[in-house]
Amino acid sequence: MMQEMREFTEIENALLERTIAQILTLYRTSWENVVDINPRLEKTETNPQFAQVISPNEMVALITFNVRIADVEGMMNICIPYMVVEPVMSKLTSKFWYSLVEKEPIANAKEMLENKLKSTYVPVRGVLGATSITVGELLELSTGDVLPLDRDVCDEIDVFVGELLKFKARPGVIRKRAALKVSQVYKKEDD
């Protein structure tokens with residue numbers, strides 16, 4: 119069932135303007151390497167018959183998005199007339215973009231990326247074992263209580279990097295600190 123056309127409420131207009139302002143900022147950013155643009159919202163129109171900006175037979179670039187906000191989903195179209203894109207067409211070719219690429223900065227960028235990755239922290243956790251207890255038992259726990267785990271004291275423990283199981287290890291102590299000694303490395307075929 120089609121709903122009839124109506125004017126936007128003040129709240130809908132405010133939300134629409136705020137959303138479009140964010141979209142236009144992203145739009146400006148995505149075009150900055152091609153041409154300096156300053157898009158702005160001039161008017162909103164609820165009736166598509168009155169929203170005609172160019173003649174119906176004019177060539178356009180039509181970009182369609184599927185937009186979802188909470189449980190509401192719909193389509194959003196961005197229509198760019200060819201006469202707007204035509205002056206910068208030469209800058210939109212892959213040949214133009216590859217001509218801007220210099221070999222040396224790429225090697226430097228690769229080295230910088232490697233250095234960043236080497237100094238990036240990742241969560242690593244060793245899992246000694248698991249057990250299940252009731253909430254009542256949890257509330258009764260106190261210092262010195264012992265929880266039986268699903269592993270034997272001699273078993274290797276699982277070591278996760280992020281959420282991925284990457285190693286098997288044996289628990290120990292180094293300089294009065296808890297430690298893990300890696301005994302096995304898990305490698306997937308695609309690693």
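Residue numbers for the sequence shown follow this note's numbering, so the first one is 119 and each next one is one higher. Heads up, the beta-carbon is just placed ideally off N, CA and C, and yes, glycines get one too. Treat the numbers as computed from the prediction; the structure is a model and nothing was measured.
Between V153 and V190, the CB-CB gap reaches or exceeds 8 Å.
Per DSSP, reduced to three states, the secondary structure at V253 is helical. Within the same chain, Cβ atoms closer than 8 Å to the Cβ of P157 are found at L142, Y145 and R146, the five residues on either side in sequence being excluded. Burial is judged here by how many other beta carbons sit within 10 angstroms of a residue's own beta carbon; V277 has at least 16 and is buried.
P289 sits in a strand when the DSSP states are folded into three classes. Note on F285: 16 or more other CB atoms within 10 angstroms of its CB, so buried under the neighbour-count rule.
Where S301 is concerned, the enclosing beta strand (DSSP E) starts and stops at R295 to V303.
Nearest neighbour of Y304 by Cα position, chosen from R293, I292, T238 and A287, turns out to be A287.
Inclusion of I198 and G244 in the CB contact set at 8 Å is not warranted, their separation being larger than that value. Taking the Cα positions, I196 is about 16 Å away from N165.
Per DSSP, the continuous beta strand (DSSP E) segment holding E191 begins and ends at V190 to P199. Under DSSP, no beta-bridge partner is assigned to R269.
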